[in-house]
Amino acid sequence: MYRPYHPPADPLLVRELTQTQEQLRGHVRLLPLGHEPQFIAGCDSSFPTPETILSVLVVLRFPSLDLVEKVWHSGPVEVPYIPGLLSFREAPNVLRAYEKLRQQPDILMVDGHGIAHPRRMGIAAHLGVMLDLPAFGVAKQRLTGTFTEPALTKGSISPLTDKSGELLGEVIRSKDKVNPLFVSPGHRCDQATATRLTLACLRGYKLPEPTRLADHWAEEFKQELRAS
DNA sequence: GCGACAG
DNA sequence: ATCTTGTCGC
Numbered sequence: 000m001y002r003p004y005h006p007p008a009d010p011l012l013v014r015e016l017t018q019t020q021e022q023l024r025g026h027v028r029l030l031p032l033g034h035e036p037q038f039i040a041g042c043d044s045s046f047p048t049p050e051t052i053l054s055v056l057v058v059l060r061f062p063s064l065d066l067v068e069k070v071w072h073s074g075p076v077e078v079p080y081i082p083g084l085l086s087f088r089e090a091p092n093v094l095r096a097y098e099k100l101r102q103q104p105d106i107l108m109v110d111g112h113g114i115a116h117p118r119r120m121g122i123a124a125h126l127g128v129m130l131d132l133p134a135f136g137v138a139k140q141r142l143t144g145t146f147t148e149p150a151l152t153k154g155s156i157s158p159l160t161d162k163s164g165e166l167l168g169e170v171i172r173s174k175d176k177v178n179p180l181f182v183s184p185g186h187r188c189d190q191a192t193a194t195r196l197t198l199a200c201l202r203g204y205k206l207p208e209p210t211r212l213a214d215h216w217a218e219e220f221k222q223e224l225r226a227s
C-alpha cells in the first residue's frame, strides 16, 4: 500500500503561518471547567469540491445530548492542507459558521487535535483561543506523540506522550474493538474535562454525539450544496 | 539522511 | 478531506 504523499508546501507560507501559530500559543490556558456545561457544541468541515469548504456546527443540551441547533457556512478554500497547519485551512470558515449560532455553547468539541500537536496548537486550541471559549479536540488519527494500544474494551484509556514524557492527550477506546480516539484539551479546558465529556457524549457509536451529528449534517448539507 | 504527517 | 466495491467479523 502506498504512503500518502503531501505536495510541496510554499516555504514562505509555512513560515508565516507557523509564526502566527506561535503567537496564538501564548494565549492558551489549560484549566478545569468550573461547572457542568449546559450546552456542548460540535463542529466538522468537509469539502464539497476541492475549492469549497463547508463547516457545520451543532449545539446539544448536556447531558441529555438533545440537538438544540445546527448552523453551517461555506466559502472558498484559501489555504492548502499542510500537516500541523490544518487550522489555517479550516478555522476561518468554522468561525463564520459560529457567528450564526443563537445558542452560545459552554464548550466546543472539535474534530481534530487540541494540544496533541507539534507546537501544542491543534485546531481545537486555535478555535478555543479565537473564540475565547473552552474547547478540546477529538481526533481519529494520531499527529504526534507515542502511546501503547489501549485494551479493546470500551472505556479503556492510555496516555499519549511526547519524547520528554509530557502528557499530550489520552487515547480512548470509545467502542469495543474499534480504532481509538485521540482526546486532548485545546483551551480553557484540562485533560480530565476533555476525557470526561468525551465519555459522557458516547451513545453506542465510535464518535461522540457532537462530532457524529456535525458529521451527519455536513453530509446532508453537502448534497444540498452540490445540487444548487 | 530517512520517516512521519490531524482533516 | 475525497474518490470508491466488495468483504470480513461481530
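Per numbering that gives the first Met the number 0, the first sequence starts with residue 0, numbered consecutively.
Backbone N, C-alpha and C fix where the C-beta goes; we use that ideal spot for every residue, glycine too.
* DSSP three-state call for P75: helix, strand or coil? -> Locating residue 75 in the first sequence gives position 76, where the first residue counts as 1. DSSP, read as helix, strand or coil, puts P75 in strand.
* Asked: Is I122 helix, strand or coil when you go by DSSP?
  -> In the first sequence, the residue the question calls residue 122 occupies position 123. In this structure, I122 counts as helix in the three-state DSSP scheme.
* Asked: Beta carbon of F38: closer than 6 Å to some heavy atom of the ligand ADP?
  -> Judged by which ligands are present, the structure shown has none, so any question about the ligand ADP falls away.
* Asked: Of the choices L16, P47, L151, whose alpha-carbon is the least far from that of L224?
  -> Along the first sequence, one-based indexing puts residue 224 at 225. The shortest C-alpha separation from L224 is found at P47.
* Distance CB(A90)-CB(L126) smaller than 7 Å -> Here residue 90 refers to the residue found at position 91 when the first sequence is read from its first residue. Here residue 126 refers to the residue found at position 127 when the first sequence is read from its first residue. Against a cut-off of 7 Å, the Cβ pair of L126 and A90 comes out as a contact.
* Among residues of its own chain, excluding the 5 on either side of G83, which ones have a beta-carbon nearer than 6 Å to its beta-carbon? -> Position 84 of the first sequence, counted from the first residue, corresponds to residue 83. Within the same chain, G83 has close Cβ partners P117.
* Runs of alpha helix (DSSP H) lying entirely within the segment 169 to 199, each at least 4 residues, in chain order -> Runs found: 190 to 199.
* Limits of the unbroken alpha helix (DSSP H) element including D110 -> Mapped onto the first sequence, residue 110 falls at position 111. According to the DSSP assignment, D110 belongs to no alpha helix (DSSP H), since it is labelled neither H nor E.
* Going by alpha carbons, who is nearest to V57 out of T152, G154, V137, K99? -> The residue given as residue 57 occupies position 58 in the first sequence. Comparing Cα-Cα distances from V57 to each of T152, G154, V137, K99, the minimum goes to K99.
* Asked: Once you ignore the five residues that flank G113 on each side, which residues in its own chain have a CB closer than 6 Å to its CB?
  -> Counting from 1 along the first sequence, the entry for residue 113 is found at position 114. Closer than 6 Å at the Cβ level, and outside the excluded window around G113, lie G121, A123, A124, F135, G136, S183, P184, G185.
* Enumerate in chain order the residues of its own chain whose CB-to-CB distance from Y80 is below 7 Å, with the five nearest sequence positions on each side excluded. => What you label residue 80 is simply residue 81 of the first sequence in a count that begins at 1. The residues are R88.
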